[in-house]
Every structure is written in C-alpha cells, then in structure tokens.
Amino acid sequence: MANQLHNPVPIKRKYFTPGVFVLIILALNGLVFLIGRFLFGIGAVTNLDNQYPWGLWIGVDVAAGVALAAGGFTTAALGHVMHKEEYHAIVRPALLTAMLGYTFVAMGVFVDIGRWYYIWHPLIMWNGNSALFEVGICVMIYLTVLYIEFLPIVTERFIGRVNLPGFLSILNKPVDKFLRVLDKGLSKTMFIFIIAGVVLSTLHQSSLGTLMIIAGPKMHPLWQTPVLPLLFLLSAIAVGFPMVIFESLIASRSLGLKPEMHILTRLGSMIAPLLGIYLAFKIGDMFIRETFVYLTEFNTASVMFTIELLFGVIIPLRMFLSPKVLKSPLLLFIASTLVVLGVLINRINNFIVAYTPPYAEKTYFPSFGEISVTVGFVAMLVLAYRFIVMNFPVISLPGKHSAPQAKYTIRGVGK
Amino acid sequence: MKKFNYLLTVLFLVTSVSAQQNIGKKHLQLNINCKTCHTCDVPTKNEPCLVTCPRERIATVYQKPEETPELIVINELVKRYSPVYFSHRIHAQMSAMGGGCEGCHHHNTTGPILKCNSCHEPNRKRENISLPDLKGAYHRQCMDCHREWSGETGCNSCHVPLKDYKPEKKEVIQKRYAGKEHPVILEPTKLVYETNSAKGKLVTFYHDDHSKKFGISCISCHKQESCSKCHGVNRVTDNKPIKVDTKNTFEEQHRNCISCHSKNEDCSKCHSDKVLAPFDHYKSTGWALNKYHINLSCAKCHGSKLPYKKVDNQCISCHQGWNNENFKHSVTGLQLDEMHSELSCEDCHLENNFAIKPSCTNCHDDYSYPKQKPGKVVGKK
Amino acid sequence: MPGKSRRDFLKKSAIIGAGITGLSTSTAKAGPKNILSPDRMGVLVDTTVCVGCRNCEWACKDAHNLPAGNLESYEDRKVFEKKRRPDHTALTVVNEYSPGKNSNMPVDVKVQCMHCDHPACVSACIVGAFSKQENGSVIWDTDMCIGCRYCMVACPFQVPAFEYHKALHPDIMKCDFCFERTKEGKLPACVEICPVEALTYGPRTELVRVARERIKKNPDRYIDHIFGEYEVGGTSWMYLANKDFSELDFPKLGDKPAPGVSESIQHGIFAYFVPPVSLYALLGGIMWISKRRKELEEELK
Chain S
1 MANQLHNPVP IKRKYFTPGV FVLIILALNG LVFLIGRFLF GIGAVTNLDN
51 QYPWGLWIGV DVAAGVALAA GGFTTAALGH VMHKEEYHAI VRPALLTAML
101 GYTFVAMGVF VDIGRWYYIW HPLIMWNGNS ALFEVGICVM IYLTVLYIEF
151 LPIVTERFIG RVNLPGFLSI LNKPVDKFLR VLDKGLSKTM FIFIIAGVVL
201 STLHQSSLGT LMIIAGPKMH PLWQTPVLPL LFLLSAIAVG FPMVIFESLI
251 ASRSLGLKPE MHILTRLGSM IAPLLGIYLA FKIGDMFIRE TFVYLTEFNT
301 ASVMFTIELL FGVIIPLRMF LSPKVLKSPL LLFIASTLVV LGVLINRINN
351 FIVAYTPPYA EKTYFPSFGE ISVTVGFVAM LVLAYRFIVM NFPVISLPGK
401 HSAPQAKYTI RGVGK
Chain L
416 MKKFNYLLTV LFLVTSVSAQ QNIGKKHLQL NINCKTCHTC DVPTKNEPCL
466 VTCPRERIAT VYQKPEETPE LIVINELVKR YSPVYFSHRI HAQMSAMGGG
516 CEGCHHHNTT GPILKCNSCH EPNRKRENIS LPDLKGAYHR QCMDCHREWS
566 GETGCNSCHV PLKDYKPEKK EVIQKRYAGK EHPVILEPTK LVYETNSAKG
616 KLVTFYHDDH SKKFGISCIS CHKQESCSKC HGVNRVTDNK PIKVDTKNTF
666 EEQHRNCISC HSKNEDCSKC HSDKVLAPFD HYKSTGWALN KYHINLSCAK
716 CHGSKLPYKK VDNQCISCHQ GWNNENFKHS VTGLQLDEMH SELSCEDCHL
766 ENNFAIKPSC TNCHDDYSYP KQKPGKVVGK K
Chain Y
797 MPGKSRRDFL KKSAIIGAGI TGLSTSTAKA GPKNILSPDR MGVLVDTTVC
847 VGCRNCEWAC KDAHNLPAGN LESYEDRKVF EKKRRPDHTA LTVVNEYSPG
897 KNSNMPVDVK VQCMHCDHPA CVSACIVGAF SKQENGSVIW DTDMCIGCRY
947 CMVACPFQVP AFEYHKALHP DIMKCDFCFE RTKEGKLPAC VEICPVEALT
997 YGPRTELVRV ARERIKKNPD RYIDHIFGEY EVGGTSWMYL ANKDFSELDF
1047 PKLGDKPAPG VSESIQHGIF AYFVPPVSLY ALLGGIMWIS KRRKELEEEL
1097 K
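Protein chains in written order, with our numbering: chain S, 1 to 415; chain L, 416 to 796; chain Y, 797 to 1097.
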C-alpha cells in the first residue's frame, strides 16, 4: 500500500538555532514598524499615497500570500478528492503551510486596512458586485475551513495525553472525552470541508485576479486582461506543487531529515503540464490582445514581464520536463523556487508594477518599514511552522513504517 | 359649404389686414425703431408692453460712448459686498474697439438698452439654465477683461466687503465720476514685426499712414480687440521688432492686411530683411504730391472705397470745374506773366497733357527751364 | 472511509447545496444603493468661462468643515505653478493650463469627483460603503468603510483620497456633491459661490442639452466634445473646453462603464451560485468515484 509512508509524528529537535535567531530579529524588526503603523497611521510607515493606494502589503502579503498557499488546496484535491493516498504524506505539511499562509494573509489585511477594527464588516455588509468582497468572504471561510481541517492534528496530538496542570487536572477526563467526540464528528464530516476548501480556493484565487480588472486603463495592458481571473487560478494551481516541494525540501534540510524524493519526484512530474496550461493561456492572451508590441519597448513593465514569464514559467517548465531534474533534490529545488518566485513576481507585477495611476508624480517603491513588516511576517510564519512541526504530528518520517492507518486514526486508542 | 369657408377666409384676411394698417398708419410715419417704445417683439393692442416715458431719451446701443452715463451703480445683488460703482463711459469708450456697445449689451441691438435682469435671473437655482444667472452674467462681463489685463481674480479687486463699506451720498459719488473719460489713445507711428517668414523676416507697418493718410477708421481693423492689447502689456518703447510667433494659417495671420491688400501680392512688398521706408506717393505711383495734394486725404482723389482705385494724372480728372476761363495758373505755384497768360494752354502743354511739365525749349531756343520761369513763383513745390 | 455510505454523502451534499442556494437569493439583493434616476442632477463645468478665482475651493472646505482660511488667501495664483489633486485637505482643486483655441487666456479646470452614472467605487467597495443616490451624487458612508482603499484603485479618475496620517478612523475623502446641502434644497457650495457661473447646476439631461447648444452657437469657442457625456458610461459632472481634454489632464476613457468587465465576471462566477455549487457537486462526485474505485480494488484483492 502506498500509505506505508504516511506516518506523521512531531519532529523532536532543538528549537533555537542560529538561523532561528536571525528570524527572530527580523520578526522583531517587523514588529517595531507594525507598532509604528498602529500608533501613527499607515502614512507614517509606508510609501503609499492617494495615487498608489495599494503597495507591498497587498501585492505580496495578501495576493502572493494567497497564491503561494495554494499548495493546501491542490494537494487536498490530489490526496483526498482524487484519492491518491500515496500523497497523503505531504497533505499535512501543505495544509499547515496553507493554514499559516492564510493566517498571515489575514494579518496582512488587518495591517493594511485603515480601520482594522472594522475588519468584520464584510461579514454583515455585503456587496455582491465587489470582487474584493468575494475574496474577503472566501478567505475568511477558507481560513476557518483550514483550521477545521487542521483540528484532527490537534486532537491526534492530545487525545489520551491531556495533562492539565494543577487542580485543572480533574478536567483531564472531560477534555479527553470532548476531544474524542470532536475527532469522531470531524472524521465523519471532513469530506465536506475538504471539498469546500477546494471550491473556496478556486473561487478566491480567481477573484484575486478580478480585483485589478476594475482599475481598467490604469493597469498596463501587458497584464490587464479580462481573463486575468483564469490566469490567476491557473498560476495558483501551477504553483501549488512547486510550493509544496520548495517547503518540503527546506523543511527536511532545516530539520535534518531525508528529502522525501519518492513523493516529490512524482509530484514534480505533474507540474510541467500545469505550468504548460498556464503558459499557453498567458501567451495566447498576449497574442489575441496583441500586447506583445509592448515588449519591444524597454521599460520596467516589459523587463518585469519578461522576467516573470522567462524565469518564472518557461525555464522551470523546461526543467520539470527533464527526468534528471525530477530526481535531483537540488535541481528540483531550483526549479520549484523559480516557479514560486515567478508567481511572486507575477503578483507583484499585477498589483504594483502594472498599476500606473494617471496623476502619479513619482513611482511607488515600498518603504523600509513596509519591507520590514513583510519580511517580519514571513519570519514569524517560518518560526510558527517550525514550532508546530516540532510539537504536532505534521511531517511523516520516511522509513518509520507503521501499520496502515485510516485517515483520522486516533492515536492512543487504536494501538 | 366650401364656398362659405372661402368667404370666411376672405373676410378674416380683410379684417386682419385693415387692423394692421390702422396701427401702421401712425407708426410707419414715425420712422423709428419699434423697440424704442416696445419692450417685447410682438406688441399687441392688449399688451403693448410700452416702456416708461419720456421715450425720446431712451438709451440704445447706437449711442456714442460720450453720450452714455458716466456712472452706473450696481446694487441688485448686494449680499456679501457693497454696491459696485461702474465707470460706464470709460468702459464704453474702450469697448469701441472691442465689439462696441453690443459687446456687453448683447441681444439688444435694435431697441432701448434692456436691463441685465430682464433675461438673467437673480436666482442661481432656477428652471431655465440655458442662460447664466445675474451674478454670473455680471461677473463674466467684468472678469473676462479684468483678469486678462490685471491677472487678478480676487473679489476685493473690485468689491468692498460690506463690513468695510461706508455709504456715501449719491451726489458725492456722481461728482467723483463726473467727466471721467478715457484718455486719448496714443497711436503708434511705425511698428516693426519680426516674423518667421522665409521671404523676409521683417514687416514694417506704418500705423499712422494707415490711420491718418489712408483714413482707415480704427474699428475697421480693431474690431474685436482684447483689453490686453493696450492694458497690461508693456508697450514696446525701444525699437526692437515685435516678435510674431504663430501657428495660425496664412489667412488668419494676414487677416487685417488682406482685407485691403490683395492676398496674391508679392510678399516682398511687406516682408523684407530690413525696415522699410514709409509710403511715398512718388515712389509708388510715379506722381509726386505737391503741397496742396499732400494734405488731402487719399479718399479725396481715390474715392472712399477700399482698396483705392487708380486715378490718372490728368488734373481735370479731379478738378473737373477747371476750364480756360476760370483756371488760375497760380495754384500750380507759378503765376504766369502777362505774355504767357495770353497763350492757350495747348501752346505750352502739348496735346493738353498736363501731367508732363512743359519745357521752355519746346518753344524757346535760348531759354533753359527751370533757370528762368515764365512768371513769378508763388509757391514752392 | 468507514461509516460513510453513498446515501450519506448525497444527503449531506444536498443539504449544503440547499444552504448555499438559500444564501444566494439573499446575496443577489445584497449590495449598496445604486440608482440611476432619470431626474438625477449634475453640473456642467464650462472651463472657457472659469476665471480660476478658486472661490470654489474655499466654499467647499467651508461647507465640509475643513480648515479653509480666509477667502483672500485664495487670490494667490502661484499655486497654479504646480498641478494639484484633491486630497484630504481639499475635496476640489483648480488647475491652470495654457490657453486653448481662439483665446489668449489660460484654461482653468476644477477637479473633483465626477459622480459617475456607473461608479467604479460603488461596485468595488467591499462593504458597499459607496452609493449612487437619486440626485446623482455618489456618496460614502463613514460607518461602513473599513479603509481598504479599493475604491481608490477602482476609480478611473483617481479621485478618492485617504487620510494616511491618521492612526485611528482614517476617512476616505471625496466630493459628495454637497449631499447634505442639496437635501436641504441648497446648491452645492462651489456652484453657489462661483462668481461667473462656470458651474451650472441642473438636471443632467438638461445640462447635456445646454452644453450642446453652447457648442452649436459658439463653434469657435469650444471643441466639439462634452467630457462626461459618454465617458465611462456618463458622469454627473460634465466639462466643456476649448482644447483637447487630454491636454487638460483628463484621462482617456472609453464609453463603457468602469465596473462593467469586473461585474460581469463576478456575476458570471456567481450566477445564482450555480458555478460554485456545480463545482462542489463535481468534486464531490470525483471524490466519491475515486473512493469507490479504491474500495472495489481492495475488495478484489
């Protein structure tokens, strides 16, 4: 059976390493500017103005964040909907990445909106015409779904091990009982959430593309197209697996584990067609709208578009087609990184580079504060990821073969 | 039935025509404009819309600027600012070159001057928005020019805020404006333009030749002059050419010139690389003007119609009354002596061609003209 | 997956499907007020009449409780050296441009919200804080806004401004067509103060007629273009000028409403929730089939 490799356990390692300290410093630096933003306003920390209302925080923290968390729904679709159990080992890490990714997307939004204390307004004030409303609602629901999907991992960690301190220990039994009921209920209904997660992702990944369409002629024609939602969805689907590979290889390196190449190679072999479809639509759109004329000009837009397409799609596409690349952890890592960076640049291009407001006196470039906050968020995300995989059963240890398990095996009960 | 209808129509026509004639009988003899007495376009018996008397002193747009009131107090819309004292006569004089009375008193060409508020409503919030309201109408009249030459658009450049306003007696104000007239407009003699024409950069324009010698009235060229033509520009006092840099078409640029001069004339007539000399009757026509002719206006000989028509050089063409009996030769500057006065004209002026000066040698072998003249010189030519 | 039968699965799917469809009927109506009244008001800005006195700037600030200073300070024409845009300190500004055809006077252009007939901001706003009212004004509701600034991204005229300097309760600032004043029967403050009535306030249809008439009567004075008559589907504020509008920093815009494409995509994706529900059903089907196949494989072993 394929799921002999599915054996998630908490990875016991020392949390603090030199790298972790660097991350902590970056996170603290971001925190300083975050405090500045909440005390003195958005203008004090960012380079945003009336011409450039959206900048790095929306372009990277939100748009790229959502895209790069696409690994969650693509692996869920592969592992659960298509029922390819051999991939179950990577479903949990991908789920965790998605959960953390979306959490930081939500935090990015929270920081970027002027009235953060009204963030709940879209829940009761609806505007069906607004692409942003759809993105907002879908992200909110999807985030909840992601937490629900993650709950079994928490119950698995604690069932039979509830050990509350002091007098609370009398609650150990009821809590344990509650967790077991919860777990049982979840395992019966989980498929609802898994499908919902995929549907919600499809919706808001594409709607994220719809966002900039309303900017109309303010957006450079190389990117402004009515098929933008489709391009966003296709690129999100294409970046899902590369992101899982990227994150898995970094995690195994960082935690000193053997790369799960047997899964990653097979995963990698699926990337080329997905990238190919995206590329076909991107190029097709370019030729139908005849926007390639803008590539003959030499300016930021044409250079960024070329970088995005050449290094982010075409080169990795060629690499993923080669069996040599698929078998080498290093080359696989490079190819995946290129796709990840390609989508990152694509989102930056769509939200920042392509956006040329009519009365701008200077072009926008993110301030040190904005970059600090974004980098700080990424550092916090990595720290949280590290903490969770060390304390919860997320990563499957290869080689540690155990008995075939049902998907939501209750640890400590079945054994 | 048909016949009856026909009869009715005829009857109607007859009565209506006679009714019109009844009114017309008195009015046609008066030979004055309807608008002098009626404010509306179609006065009827029931609604004659007569203006208030005395009607013989009704102001119209045909008045001369000098006949217009010196001061008009505008106080209809006093709200934030004091009434405005408008020096009407000076403005009327200035507008002579800028569209005349009709420039401001538009839609007012035939009858008595209408008040602005007879068309422009005092309320900005109104039904009919095709015309500006009264405040807008007033300000457009003033500010169109005033901002042009002063560059100022501030309220206080014309208005006194109501709180700073000290009301004065009407007589005091009227006295202040009494006799206020526009100073005499200084006329340039010569204007040199520097153009970007390839056929000679400089164009010399003798303004006084045109205005005085040729007797062209100011408004035949200066029809729609903007105020800044005189006001608010630094008059060129040095002799530097005035730069002309324009993207206008040939017609637009030469509009004033080609209204008299032919469009197809040789460019070099005006365009040259140096400043041209003023008009010289001898150089241009080959006929020098004597001391009498030089003082005449061109129209005296050439007729008032522009462009001037060519006149031949026979005295009799103009001086049609001259004949052998009444002609006094002394008007030519030479009083003939007894001997010569006895001769017939043709004896000296061969073939009665008076354009060519006779030479003594025609008759005399020993005399040489002009050393010796057949009489007494009474005037210098 | 033990304990999960096909019937179970279908039942649950049906319940969710019904739930979502139920949701959709309410969402179909959800959204801000967006009325295109035939009697909507507008303003015709005749830039050939405007003298650039900037009284409108003062009146606007005065009417919206913004620091306005005294009226005399607006006589300073040095401000025209730089092109300005409306922001949180001024909801309208006047810019000056070189003279147009048949004139030697500079062209002064008042800038403010155009109050589109099909406003992008109303369509874009995540919470529906913007609305198009019967009287033509596009207004913003401070109690709803979350400060996401998507309206600023969406606006084809780049008009809404944001109070970046405020840590708490920053506002989106833009001309509201003096909604409070007009409700009381007053004129918009700028229209009321304009000395030359370069701003004509009236029903939009009437304004278009008046504008056409002016162009027809004075073909030398105007270029034959009413900006805002058709741009982005029409705007409540319209402009006349004696030079091309692109030379007056007006954006070049088509006749299609700004939110058109994005709304049709949105409505396409969410047409009565059919596409998402179908996708849900499809994925559920795939899940069930693949699960069933796996089970059969295991049974065969």
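Where a beta carbon is used, it is the ideal one built from N, C-alpha and C, also for glycine.
Under the three-state reduction of DSSP, glycine 160 of chain S is assigned to coil, being neither helix nor strand. Taking 7 angstroms as the cut-off, the Cβ atoms of tyrosine 52 of chain S and glutamine 954 of chain Y do not count as close. Here methionine 948 of chain Y is actually not in contact with serine 1032 of chain Y; their C-beta atoms are around 19 angstroms apart, not less than 8 angstroms. The stretch 867–879 of chain Y makes no contact with the stretch 997–1006 of chain Y, as fewer than three CB pairs between them are under 8 angstroms. Annotated three-state conformation of phenylalanine 377 of chain S is helix, per DSSP.
Within the stretch 117–128 of chain S, the residues whose Cβ lies closer than 8 angstroms to any Cβ of chain Y are, in chain order, Tyr118, Ile119, His121, Pro122, Met125, Trp126, Asn127, Gly128. According to DSSP, proline 999 of chain Y shares a beta bridge with Y:Met837.
When 8 angstroms is used as the limit between beta carbons, glutamate 1059 of chain Y is near these residues of chain S: Asn129, in chain order. The beta strand (DSSP E) runs lying completely inside the stretch 161–246 of chain S and spanning 3 residues or more number zero.
Residues Asn739 of the same chain have their beta carbon placed closer than 8 angstroms to that of serine 759 of chain L, with the five preceding and five following residues left out of the count. In this structure, the alpha-carbon of alanine 916 of chain Y lies about 59 angstroms from that of lysine 585 of chain L.
The three-state secondary structure of serine 712 of chain L, taken from DSSP, is coil.
If only uninterrupted alpha helix (DSSP H) runs of at least 4 residues are considered, those enclosed by the stretch 95–125 of chain S are 121–124.
For histidine 204 of chain S, the CB contacts under 6 angstroms within the same chain, skipping 5 residues up- and downstream, are Val135, Cys138, Val139 in chain order.
Residue environment analysis places glycine 268 of chain S among the buried positions, since at least 16 neighbouring C-beta atoms fall within 10 angstroms of its C-beta. DSSP places leucine 832 of chain Y in the coil class of the three-state scheme, outside both helix and strand. Sequence-distant partners of leucine 344 of chain S (beyond 5 residues in either direction) whose C-beta falls short of 6 angstroms from its own C-beta, in its chain, are Ala64. Here threonine 1031 of chain Y carries a strand assignment [DSSP, helix/strand/coil].
Remark: C-beta atoms of glycine 41 of chain S and alanine 963 of chain Y approach each other more closely than 7 angstroms.
From the beta-carbon of cysteine 856 of chain Y, no residue of chain S is found nearer than 7 angstroms; the closest lies around 17 angstroms away. Around proline 1071 of chain Y, the same chain offers Ile1065 as residues with beta carbons nearer than 7 angstroms, after the five sequence neighbours per side are excluded. Straight across, the Cα-Cα distance linking isoleucine 1061 of chain Y with threonine 225 of chain S is about 12 angstroms. Buried is the label assigned to glutamine 508 of chain L, since at least 16 other Cβ atoms lie within 10 Å of its Cβ. Membership of glutamine 750 of chain L in any alpha helix (DSSP H) is not indicated; the residue belongs instead to the beta strand (DSSP E) covering 749–751. Neighbours of leucine 78 of chain S across chain Y, judged by C-beta separation under 8 angstroms, do not exist; the nearest C-beta is about 11 angstroms away.
Glycine 518 of chain L sits in a helix when the DSSP states are folded into three classes. From the listed residues L:Gly513, L:Asn728, L:Ile600, L:Lys644, the smallest Cα separation to alanine 703 of chain L is found for L:Asn728.
Taking the CA atoms as reference points, serine 169 of chain S sits about 11 angstroms from arginine 161 of chain S. What methionine 910 of chain Y touches in chain L, judged by beta-carbon distance under 8 angstroms, is nothing: the nearest beta carbon there is about 19 angstroms away.
Taking the Cα positions, lysine 324 of chain S is about 14 angstroms away from histidine 262 of chain S. Within the DSSP bridge table, the entry for phenylalanine 620 of chain L names L:Leu606 as partners. With contacts defined by Cβ atoms closer than 7 angstroms, histidine 88 of chain S and lysine 1087 of chain Y do not form a contacting pair. Under the three-state reduction of DSSP output, serine 502 of chain L falls in the strand class. Out of L:His554, L:Ala511, L:Ile528, L:Ser687, the CA that lies nearest to the CA of histidine 637 of chain L is found in L:Ala511. Residues of chain S whose Cβ lies closer than 7 angstroms to the Cβ of cysteine 921 of chain Y are, in chain order, Asn127, Ser130. By the Cβ rule, the stretch 307–321 of chain S counts as touching the stretch 329–339 of chain S, because three or more pairs are nearer than 8 angstroms.
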